[in-house]
Amino acid sequence: DAEMADALGEACRVIAENDHLQLVVLTATGAVFSIDEENETAERPGMGSDTPRKPGAPAQVAGLAVPVLVALNGDATGSGLELALAGDLRVCVPSARFGFTGLARGVLPQDGGTQRLPRLVGPAWARDMLLTGRMVDANEALSIGLVNRVTEQPGGLAAAVAELTAHITEGSPIGARYAKEAVGKGMDLTLDQGLRLEADLNVILHSTSDRAEGIKSFLEKRDPEFTGS
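Those letters in the sequence shown? Residues 3 to 231, by the working numbering.
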């Protein structure tokens, strides 16, 4: 709803101002992540008018420089799935299901669903989900690349998030941000352009304190102490 979207937007603004964060985890409480049965049929701000829409919560989440891990504690449909697609990694419980069911009521995703979904699972699977409106279960979501992990049991979501968080935060915060930027921007570039972007980001990374600390800690046979600078 609008209140939640505003709260997410404010959270994103706070997160964007903190250069030392290594990871953001986005999840929900209760038995579902976010289902959109009512809002898929309701008009959203700017719908049906020439007034430019303000960036929605998915756009603000996707625009964060820091990696975003989405922990899906249950079903995600409609705008809830659009929000999940805006993250960089997704882990879900075995009972979770995903889908865009609005087309049956003449409603098309308008917060990035038609664009982020094919970039994630490919155009064929995106058309399948959008045109049929069917719900995809956790195992199928894993097989098509919609999620990165499915927990072993419903209570294992926290453990899966903790494991991924530990792996990600072992590395350099600034390196993780550049890796996210390279992949994200590279998707819209030719291979040659993407390789130049990768090279440019490496040049910048090599001049950072984290890069120097990484080399020093390796030579001294100790864990690095990254600062994100």
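Cβ atoms here follow ideal geometry from the backbone N, Cα and C, with glycine treated the same way. Computed from a predicted structure; not experimentally measured.
Task: heavy atom of the ligand FAD below 7 Å from Leu87 C-beta - done: What this structure holds is no ligand at all, so the ligand FAD is not there to describe.
Open item on the list: For Val27 and Gly186, what's the separation of their Cα atoms in angstroms?
Closed with: Here residue 27 corresponds to residue number 25 of the sequence shown, with the count starting at 1. Here residue 186 corresponds to residue number 184 of the sequence shown, with the count starting at 1. CA-CA distance, Val27 to Gly186, rounds to 18 Å.
Task: Minimum C-alpha distance to Arg92 - residue among Leu133, Trp127, Ala143, Ser209 - done: Stepping through the sequence shown from its first residue, residue 92 is reached at position 90. Comparing Cα positions, the closest option is Ala143.
Open item on the list: Could you tell me the alpha carbon to alpha carbon distance between Gly124 and Leu110, rounded to whole angstroms?
Closed with: The count along the sequence shown starts at 1 and reaches residue 124 at position 122. The count along the sequence shown starts at 1 and reaches residue 110 at position 108. Inter-residue distance for Gly124 and Leu110 is about 18 Å (C-alpha atoms, whole angstroms).
- [ ] Output the distance between the C-alpha atoms of Thr29 and Phe100, rounded to the nearest integer angstrom.
- [x] The count along the sequence shown starts at 1 and reaches residue 29 at position 27. The count along the sequence shown starts at 1 and reaches residue 100 at position 98. Answer to the nearest angstrom: the Cα atoms are 15 Å apart.
Open item on the list: Within 10 Å of its beta-carbon, does Ala44 have 16 or more other beta-carbons around it, so buried, or fewer, so exposed?
Closed with: As a working mapping, residue 44 is identified with position 42 in the sequence shown. With a pLDDT of only 48 at Ala44, under 50, the local geometry of the prediction cannot be trusted, and the value read off the model is given with reservation. Result: exposed.
Task: Beta bridge counterpart(s) of Thr103 as assigned by DSSP - done: As a working mapping, residue 103 is identified with position 101 in the sequence shown. Paired residue(s): none; Thr103 is not in a bridge.
TODO: Would you mind sorting Val72 into buried or exposed? The rule is 16 or more other CB atoms within 10 Å of its CB.
DONE: Within the sequence shown, the letter at position 70 stands for residue 72. Buried, by the Cβ-count rule.
Task: In chain order, each alpha helix (DSSP H) run of at least 4 residues that lies wholly inside the stretch 168-213 - done: Within the stretch 168-213, the runs of alpha helix (DSSP H) at least 4 residues long that lie entirely inside it are, in chain order, 175-188, 193-208.
Open item on the list: In this structure, how does DSSP classify Arg92 when only helix, strand and coil are distinguished?
Closed with: Numbered from its first residue, the sequence shown carries residue 92 at position 90. Note: Arg92 maps to strand in three-state DSSP.
Open item on the list: Closest to Gly147 by C-alpha separation, out of Glu165, Val163, Arg118, would be which residue?
Closed with: Your numbering for residue 147 matches position 145 in the sequence shown. It is Arg118 whose Cα lies nearest to the Cα of Gly147.
Task: Alpha-carbon to alpha-carbon, Arg107 and Arg198 - done: Numbered from its first residue, the sequence shown carries residue 198 at position 196. Numbered from its first residue, the sequence shown carries residue 107 at position 105. Their Cα atoms are separated by approximately 45 Å.
Open item on the list: Phe35 and Gly76 - do their beta-carbons sit closer together than 8 Å?
Closed with: In the sequence shown, residue 76 corresponds to position 74, counting from 1. In the sequence shown, residue 35 corresponds to position 33, counting from 1. Yes, the Cβ-Cβ distance between Gly76 and Phe35 is below 8 Å.
Open item on the list: Quick check on this structure: which residue in Gly158, Val205, Gly177, Ala7 has the alpha carbon closest to the alpha carbon of Asp21?
Closed with: Taking the sequence shown and counting its residues from 1, one reaches residue 21 at position 19. Checked all of Gly158, Val205, Gly177, Ala7; the closest Cα to Asp21 is Gly177.
Task: Selection from Asp8, Leu203, Thr79, Asp90 that minimises the alpha carbon distance to Thr167 - done: Position 165 of the sequence shown holds residue 167. Between Thr167 and the set Asp8, Leu203, Thr79, Asp90, the nearest pair of CA atoms involves Asp90.
Task: Pairwise C-alpha distance: Glu183 and Cys14 - done: As a first step, residue 14 is located in the sequence shown; it is residue number 12 there, counting from the start. As a first step, residue 183 is located in the sequence shown; it is residue number 181 there, counting from the start. Our two residues, Cys14 and Glu183, have alpha carbons roughly 17 Å apart in a direct line.
TODO: Leaving aside the five residues before and after Met137 along the sequence, list all residues of the same chain whose C-beta is less than 6 Å from its C-beta, in chain order.
DONE: Taking the first residue of the sequence shown as position 1, residue 137 is located at position 135. Cβ neighbours of Met137 beyond the five flanking positions: Arg99, Gly101.
Open item on the list: Here's a check: name, in chain order, each residue in its chain whose Cβ is nearer than 8 Å to the Cβ of Thr171, leaving out the five neighbours to either side.
Closed with: Taking the sequence shown and counting its residues from 1, the one referred to as residue 171 is at position 169. Counting only Cβ-Cβ distances below 8 Å, and skipping sequence neighbours, we find Gln24, Leu25.
Task: Top-ranked residue by Cα proximity to Asp202, from Ser211, Ala181, Met189 - done: Position 200 of the sequence shown, counted from the start, is the residue given in the question as residue 202. It is Ala181.
Task: Burial state of Leu191, where buried means 16 or more other Cβ atoms lie within 10 Å - done: Start at 1 with the first residue of the sequence shown, and residue 191 comes out as number 189. Here Leu191 is exposed. Its C-beta has fewer than 16 other C-beta atoms within 10 Å.
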